[in-house]
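Q: Numbering (my numbering), first residue to last: 1 to 211.
Glycine residues also receive a C-beta, built at the ideal position from the N, C-alpha and C atoms.
These numbers come from a predicted model, not from an experiment.
Rendered as structure tokens:
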């Protein structure tokens, strides 16, 4: 069971997450959807755990991690953060996310990507082109109904991991998601995302038409 209680690298990752959360608080409602995970409390982030804390790394692991292999946790995210820091400098101009651009493509199955994204309690990659439909078909994602929420995503697909794969089922849900948004023009976000039960309920209430 890994956590971010100590260690310089974990502290740096925690600092990055904390900074993104503070910035997210200043954003307009129209930007909240894409970074909904960034609004989670740091206490929830610290509490997430992973059944197996070690896994072999190569550049293909970035793509695997975006597919929740392993499921999102602070242990897996810190591992990805450490590797990204070795390879590129973070671009934080988006305010709600940190993007690392790699020097070479590490895509697969016809999907090209060279960019890694950290946003709150999610880890993802940016796939070249508007490929949400293709990603959904390839990785068995279904429309999650969040695309119209506040108008921030034009397409949004997701697939929650099975109960046995959830690292912290009592606190929230880990899902594979694919989204197209004006925030990432000409690209599609593929990510492994943890969202608390409270935030899921909040999103559902915002989706519900007024009575």
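(1) With H, G and I counted as helix, E and B as strand and the rest as coil, what does DSSP make of residue 133?
(2) Nearest to residue 201 by CA position, among 118, 110, 173 and 137, is which residue?
(3) For residue 200, which of helix, strand or coil comes out of DSSP?
(4) Does DSSP classify residue 252 as helix, strand or coil?
(5) Leaving aside the five residues before and after residue 68 along the sequence, list all residues of the same chain whose C-beta is less than 7 Å from its C-beta, in chain order.
(6) Are the segment 83 to 91 and the segment 181 to 190 touching, with three or more C-beta to C-beta distances below 8 Å?
(7) So if DSSP puts residue 67 in a beta bridge, which residue, or which two residues, is it bridged to?
(8) Which runs of the beta strand (DSSP E) fall wholly inside the segment 101 to 177 and span at least 3 residues, in chain order?
(9) What is the DSSP secondary structure of residue 87, reduced to helix, strand or coil?
(10) Would you report the Cα separation of residue 122 and residue 103, rounded to the nearest angstrom?
(11) According to DSSP, is residue 98 helix, strand or coil?
(12) I'd like the list of long-range same chain contacts for residue 124, defined as Cβ closer than 6 Å, with 5 residues on each side in sequence excluded.
A: Let me spell this out:
(1) Note: residue 133 maps to helix in three-state DSSP.
(2) Nearest C-alpha to residue 201: 173.
(3) In this structure, residue 200 counts as helix in the three-state DSSP scheme.
(4) One cannot answer for residue 252 here, as it falls past the ends of the chain, which runs 1 to 211.
(5) Closer than 7 Å at the Cβ level, and outside the excluded window around residue 68, lie 161, 174, 176 and 192.
(6) Verdict: no, contact absent.
(7) Looking at the DSSP assignment, residue 67 forms no beta bridge with any residue, so it has no partner.
(8) Runs of beta strand (DSSP E) with 3 or more residues, each lying fully within the segment 101 to 177, are found at 113 to 118, 122 to 128 and 155 to 160, listed in chain order.
(9) Note: residue 87 maps to helix in three-state DSSP.
(10) When rounded, the distance between both Cα atoms is 22 Å.
(11) In this structure, residue 98 counts as strand in the three-state DSSP scheme.
(12) Only residues of its own chain outside the window of five on either side were considered, and among them 66, 117, 189, 190 and 191 have a CB closer than 6 Å to the CB of residue 124, listed in chain order.
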